[in-house]
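Count along the sequence shown from 1, add 1, and you get the number used in my numbering.
Ideal placement from N, C-alpha and C gives every residue a C-beta, glycine not left out.
One structure is given here, and the rest of the page talks about it.
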Amino acid sequence: MAKTRAISIANSKGGVGKSTVTILLAAALAKQKNKKVLILDTDSQASISEWLVAEQQAYPDAKPLVSVEAIAPQHVQMYLEKFGDGYDVIFIDIPRMTNSMNETANVQLLYFCDSILIPVIGSRLDVMSTGKFFQVVKDAETKKRELGFEYQILGFLNKETNRKDNQYAKTMLSEQAGIDMMDATLRDLKLFTTPSLFDSILDTKEGRDRFEPFFNEVCKKLKL
Ligand SMILES: Nc1ncnc2c1ncn2[C@@H]1O[C@H](COP(=O)(O)OP(=O)(O)OP(=O)(O)O)[C@@H](O)[C@H]1O
Ligand SMILES: [Mg+2]
Numbered sequence: 002m003a004k005t006r007a008i009s010i011a012n013s014k015g016g017v018g019k020s021t022v023t024i025l026l027a028a029a030l031a032k033q034k035n036k037k038v039l040i041l042d043t044d045s046q047a048s049i050s051e052w053l054v055a056e057q058q059a060y061p062d063a064k065p066l067v068s069v070e071a072i073a074p075q076h077v078q079m080y081l082e083k084f085g086d087g088y089d090v091i092f093i094d095i096p097r098m099t100n101s102m103n104e105t106a107n108v109q110l111l112y113f114c115d116s117i118l119i120p121v122i123g124s125r126l127d128v129m130s131t132g133k134f135f136q137v138v139k140d141a142e143t144k145k146r147e148l149g150f151e152y153q154i155l156g157f158l159n160k161e162t163n164r165k166d167n168q169y170a171k172t173m174l175s176e177q178a179g180i181d182m183m184d185a186t187l188r189d190l191k192l193f194t195t196p197s198l199f200d201s202i203l204d205t206k207e208g209r210d211r212f213e214p215f216f217n218e219v220c221k222k223l224k225l
């Protein structure tokens, strides 16, 4: 069996779509790529786990495409060791980082991953306020690669609306922060506001039109 992949959709900022895109990608990988997928929800607000409970109530007889465990950040390593082999892909949903970033246990979670996807909202203020986080992930990349581990960081624009600001964000991030920015973006759409752990967004035509370019680029770049 291929090595288990550990991926986090992470950003120090809140509300940028970390949990939403985690669910969308996890369900699509399970359904379209036949992967066994686990989400470790380390957010004390437990948004993905709560979403699962809400969906389970709505579809009592259905089985989710993806497993979800709500755990504390300090338990992630144990879960990866104990259950990692049973899954092809494990997503770690890391909460926003409000404290000094170098001290939080959440930074350590970035080191357990082999790939980090960074959702960015393309406004100037948002991009500037994320600078410190980019440095933290770049440090993780340097250290992991120094020791011979694979580590890939990909940025993408989420909730895309305004082309001019988005172009600015892409240029800033790739040229100044050294972040490899994806071509595909996710637009600001109602479609993305109700992601499901029971259905893949790629099973509807609108979902395919809006999500497939992003999904395909992620799979290609991360070799999933
Ligand atoms: N592409 C999108 N289009 C429209 N709405 C979106 C999109 N992505 C995320 N949202 C909405 O933005 C809000 C924040 O998303 P989400 O909870 O996934 O962010 P988060 O980064 O996980 O936040 P937190 O830091 O609180 O964990 C949600 O209401 C979600 O439905
Ligand atoms: Mg979240």
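Taking the CA atoms as reference points, D166 sits about 12 Å from V121. Within the same chain, and ignoring the five residues on either side of S48 in sequence, the residues whose Cβ sits closer than 6 Å to its Cβ are S20.
In the three-state scheme derived from DSSP, where H, G and I count as helix and E and B as strand, D94 is classed as strand. Contact between the stretch 105-121 and the stretch 66-80 is present: 3 or more CB-CB pairs across the two stretches fall below 8 Å. Ligand 2 approaches S20 closely enough that one of its heavy atoms is under 6 Å from the residue's Cβ. The stretch 144-151 makes no contact with the stretch 177-188; the number of CB pairs closer than 8 Å stays below 3. The bridge partners DSSP lists for R188 are E161. Exclusion of the five residues before and after L53 leaves P65, V69 and L198 as the residues of its chain whose Cβ lies within less than 8 Å of its Cβ. Residue pairing for G156: DSSP places it in a beta bridge opposite I119 and M182. Here the C-alpha atom of D62 lies approximately 14 Å from the C-alpha atom of D200. The Cβ atoms of T186 and L158 sit closer than 7 Å to each other.
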